[in-house]
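Written below as C-alpha cells is the structure these notes are about.
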Amino acid sequence: MSGRITFWPSGTTIEVKPGTPILSAARRAGVLIQTRCGGNAACFMCKVKIRPGSDLMPIADEEKRKLAGLEEEGYRLACQAKVRGVVQVDVPLDPLRAAVQKLLAKQAEEKDELW
Ligand code: FES
C-alpha cells in the first residue's frame, strides 16, 4: 500500500511511502509550507488543514497537546502528521504572498477606476 498526497490550492499530487510526514512530502513536491523550528513541533507555523476522508497515521500525544483542540477542526502540524493512504491538504497562503496579492488586487481596482 502506498500513500498519495494532494496539496491545495495548487492541486500538486505525489506518491509517498506510508509514514512520510506531510512537511517532507511538501518539500519533495515543491510546495511551500512555512516553518521556523525545522520540524520540531515548536513553531506552530506548519499548521495545515486536512480535508475530510484523508488517511493519516494516528495523531501523537505531543502534536495533540500542541494543537489544543484544533485537530478536531481538521488542523494538523505538517511536520508531525504522517501519511497513511490518500491525503488531501489545504496549505494556507504564505502571509507575505497574501499581502502582496491583496496589494496587487487593490492596485488593479484603482487602475480600473481611472479608466
Ligand atoms: S515546523 Fe515548526 S511546528 Fe511544524
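Residues in the sequence shown are numbered from 1 upward in steps of one, following the UniProt record's numbering. Note that beta-carbon positions come from the ideal geometry of N, C-alpha and C, so glycine has one too. All values reported here derive from a predicted model rather than from experimental measurement.
How is the alpha helix (DSSP H) around residue i delimited, first residue to last?
i: L104; result: 95–114
i: D55; result: Where D55 is concerned, there is no enclosing alpha helix (DSSP H), given that its DSSP letter is neither H nor E.
Name, in chain order, the residues that DSSP records as bridge partners for residue i.
i: F7; result: T12, V89
i: V48; result: R76
i: V83; result: L56
i: P18; result: DSSP lists no partner for P18.
With residue i and residue j assumed to form a contact (beta carbons below 8 Å), what rounded beta-carbon distance in angstroms separates them?
i: residue 138; j: C79; result: Past the edges of the chain, shown from 1 to 115, lies residue 138, and the structure says nothing about it.
i: L5; j: V100; result: A small correction: the amino acid at residue 5 is Ile; Leu does not occupy that position in the sequence shown. With a Cβ gap of about 27 Å, I5 and V100 do not count as contacting.
i: R84; j: L56; result: 6 Å
i: A33; j: V91; result: The sequence shown places Ile at residue 33, not Ala. At roughly 6 Å, the Cβ-Cβ gap stays under 8 Å, so I33 and V91 are in contact.
i: Y62; j: A41; result: Checking the sequence, you will find Glu at residue 62 rather than Tyr. Contact flag correct, Cβ pair sits at about 6 Å.
i: K64; j: E71; result: 6 Å
i: V87; j: G11; result: So it is not a contact: roughly 14 Å between Cβ atoms.
i: I50; j: G74; result: 5 Å
i: L77; j: C37; result: 10 Å between Cβ atoms; not a contact.
i: A29; j: F44; result: Rounded, the Cβ-Cβ distance is 22 Å, inconsistent with contact.
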